[in-house]
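Enquirer: Numbering (our numbering), first residue to last: 819 to 1309.
All residues carry an ideal CB built from backbone N, CA and C; glycine is no exception.
Just so you know, these numbers come straight off a predicted model, no measurement behind them.
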RNA sequence: GCUCGUAUAGUGUAGUGGCCCAUCAUGAAGGACUCUCAUUCCUUCGACCCGGGUUCAAAUCCCGGUACGAGCACCA
């Protein structure tokens, strides 16, 4: 009996090591060089989920310490906070801007030099690479703390140009892993030419910490207890652990996840997307073809679906490649029960109803939930629209209405009862419909389908189900975007 | 090249020596229900990378191989 418990399928995320309820501090630290992407959502969701699980704290930290290679985007600070709240269901417990804390990082760099576990290195990157490969020390390594202080001051005073000096952490040049040998902690950036986009920072600093240093110091200062991140940062952990030993600190518990690729999307980087958007290849960060949170959200992907998706994948270190279908299935399960039904007739063909039939009818807004109410249609002039694709059979059942037989442009009403197995099709009366366009994406292109859409009063952003077509989000009264593009058939 | 990591059905995932001829989801196929090609429900399909070793017993531990990924940036 007890053994069965232990072997039962684990639900949800695994326990955190060394975690005490109420004392867990987690963080997610994106570079605000653009809005959040699908990939970012994993870090946000997993870390926030552990915060909830342990009643701990979750920090959103902007690692905005590069002004040239991956310069921050001013609007992204705001966007990311908004997207974080949307995705995790609440505000982060703390928000930290690395660029606000440069002086604090300087203090730690100073201490590092004073206590002789760091040094100012004036070798070029290429020169140092040689030392790293040959496991030998560079000449700067043996400078006295006093000399390092002087050189450090000169760095701060702008006496060096970018590339001419860097502060390194002394580790051990004979370490097995070449990545760990005397790694760089702070470097110079030409902030006159590449100012930080935050006006309060601008060109104020020339010396900037690198990720491994900034992140390590900040995690300690914020009391982070658990770091969960991509396994590409495994060597970062090792570098930072070495630094923690120097400072006499204890490194947080760490967990890693592997690389995730989505079948339908190739490789996207924030910098590349930014360039493509600026070049006009995409309509903006919320272009439905882009793997951004904004794009997914605009297509009607729900935060809850993203949460279930990532929680189901868990945090294995395996590199995986997932189909969007998995995300969509989670989304369907979130949206279906509240999505009002609506008719959209693609490639519409007009017919005239002939015979006896009621001039009014009522259809359910949702077949499984009568409390959502009804939609009422009127057939004043008897003109109706059918999908061209449905016309290969002459005997059809108009959904919720009547059996008909088609002759030329006439639709003869044969019976109101459903008394045979003829195919049921969706349809629209002219009175209750108007021309509309739905858009979707496929193979990185946007397509449009013209047709007739049932008149509706749904608010912008409402997720509806177009019967026999798919789920879509309302853009305006005559435009819709498909949520799950690959659910459309024959275009 | 050096270093690190991962390998369970098509795709993901559970499983840390016996309960496993292996879990759950997704997918595909079929069916039930349904006046939607939706939802719900049922059935079926399908996997422990390879080779050694340890052990009474291995998906689970060890060694070797192979494959894939990542780091070795004055990017994050």
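1) Can you tell me whether DSSP reads residue 1289 as helix, strand or coil?
2) Just list the beta strand (DSSP E) runs in the region 1132-1188, keeping only unbroken ones of 3 residues or longer that don't cross its boundaries, in chain order.
3) Should residue 1111 go down as buried or exposed, given a rule of 16 or more other Cβ atoms within 10 Å for buried?
4) The beta strand (DSSP E) that contains residue 1280, what's its start and end?
5) Just how far apart, CA to CA, sit residue 1154 and residue 925?
6) For residue 1081, which option in 1029, 1141, 1107, 1074 has the closest C-alpha, if you only look at C-alpha atoms?
7) For the beta strand (DSSP E) containing residue 1002, name the first residue and the last one.
8) What is the DSSP secondary structure of residue 876, counted as helix, strand or coil?
9) Who are the near neighbours of residue 1200 in its chain, counting only those whose CB is closer than 7 Å to its CB and skipping five residues on each side?
10) Shortest alpha-carbon distance to residue 1115 belongs to which of 867, 1279, 930, 878?
11) Do you know offhand how far residue 1309's Cα is from residue 1033's?
12) What residue range is occupied by the uninterrupted beta strand (DSSP E) comprising residue 928?
13) Between the beta-carbon of residue 1071 and the beta-carbon of residue 1298, is there less than 8 Å?
14) State yes or no: is the C-beta of residue 844 within less than 8 Å of the C-beta of residue 876?
15) Assuming residue 1028 contacts residue 1002 (C-beta within less than 8 Å), just tell me the rounded distance between them.
16) Would you give the residue range spanned by the alpha helix (DSSP H) that residue 1233 belongs to?
17) Could you check if residue 1208 belongs to the surroundings of the ligand SAM, using beta carbon to heavy atom distance under 7 Å?
18) Using a Cβ-Cβ cut-off of 6 Å (strictly less than) and excluding sequence neighbours within five positions of residue 823, which residues of its own chain qualify?
19) Which of helix, strand or coil does DSSP assign to residue 1100?
20) Which residues in the same chain have their Cβ closer than 8 Å to the Cβ of residue 831, if we skip the five residues on either side of it in sequence?
21) Buried or exposed, going by whether 16 or more other CB atoms sit within 10 Å of the CB of residue 1307?
22) Looking only at C-alpha atoms, which of 1030, 992, 1039, 1036 sits nearest to residue 1054?
23) In chain order, what residues of the same chain have a beta carbon less than 6 Å from the beta carbon of residue 1083, not counting five sequence neighbours either side?
24) Name, in chain order, the residues that DSSP records as bridge partners for residue 1299.
25) How should residue 838 be labelled, buried or exposed, when 16 other C-beta atoms within 10 angstroms of its C-beta is the threshold for buried?
26) Taking all protein chains shown into account, do 16 or more other C-beta atoms lie within 10 angstroms of the C-beta of residue 855, making it buried, or fewer, making it exposed?
27) Have a look at the DSSP bridge pairing and note the partners of residue 1213.
28) On the three-pair Cβ rule with 8 Å, is the region 1005-1016 touching the region 1061-1076?
29) Hey, how far is the Cα of residue 1311 from the Cα of residue 1093?
30) Measure how close the beta-carbons of residue 1145 and residue 1123 come, nearest whole angstrom, since I'm counting them as under 8 Å.
31) Determine whether the beta carbon atoms of residue 1049 and residue 1076 lie at a separation below 8 Å.
32) So within the region 972-1033, which uninterrupted beta strand (DSSP E) runs reach at least 3 residues, ignoring any that extend past its ends?
33) Taking the alpha carbon of residue 1026 as the point to measure from, which residue in 974, 1074, 941 has its own alpha carbon closest?
34) Shortest alpha-carbon distance to residue 991 belongs to which of 1181, 954, 933?
35) Considering residue 945, what are the terminal residues of the alpha helix (DSSP H) in which it resides?
Expert: On the basis of the coordinates in this document:
1) strand
2) 1138-1140, 1162-1164, 1166-1172, 1178-1182
3) buried
4) Per DSSP, residue 1280 belongs to no beta strand (DSSP E) and is neither H nor E.
5) In a straight line, the C-alpha of residue 1154 is about 55 Å away from that of residue 925.
6) 1141
7) 1002-1006
8) strand
9) 1170, 1171
10) 1279
11) Legend: pLDDT at residue 1309 = 39, less than 50; position of this residue unreliable, value from coordinates given subsequently. Roughly 49 Å separates the two Cα atoms.
12) Careful: residue 928 lies outside any beta strand (DSSP E), inside the alpha helix (DSSP H) at 920-932.
13) No, these two residues do not count as a Cβ contact at 8 Å.
14) Taking 8 Å as the cut-off, the Cβ atoms of residue 844 and residue 876 count as close.
15) 6 Å
16) Careful: residue 1233 lies outside any alpha helix (DSSP H), inside the beta strand (DSSP E) at 1228-1233.
17) This structure lacks the ligand SAM; in fact it carries no ligand of any kind.
18) Note on residue 823: pLDDT 41, under 50, position unreliable in the model; the coordinate value appears next. None.
19) coil
20) 864, 867, 868, 871, 1129, 1132, 1133
21) Caution applies to residue 1307, whose pLDDT of 42 falls short of 50 and renders its modelled position unreliable; the value that the coordinates give is listed next. It is exposed - the Cβ of residue 1307 has fewer than 16 other Cβ atoms within 10 Å.
22) Comparing alpha carbon positions, the residue from 1030, 992, 1039, 1036 closest to residue 1054 is 1030.
23) Scanning its chain for C-beta atoms nearer than 6 Å, with the 5 sequence neighbours on each side dropped, one finds around residue 1083 the residues 1109, in chain order.
24) 1257, 1291
25) exposed
26) buried
27) 1223
28) Counting Cβ pairs under 8 Å, fewer than three are found: no touch.
29) Because the chain is modelled from 819 through 1309, residue 1311 falls outside the range shown and cannot be assessed.
30) 6 Å
31) With contacts defined by Cβ atoms closer than 8 Å, residue 1049 and residue 1076 form a contacting pair.
32) 984-987, 1002-1006, 1025-1027
33) 974
34) With distances taken between Cα atoms, residue 991 lies closest to 954.
35) 943-952
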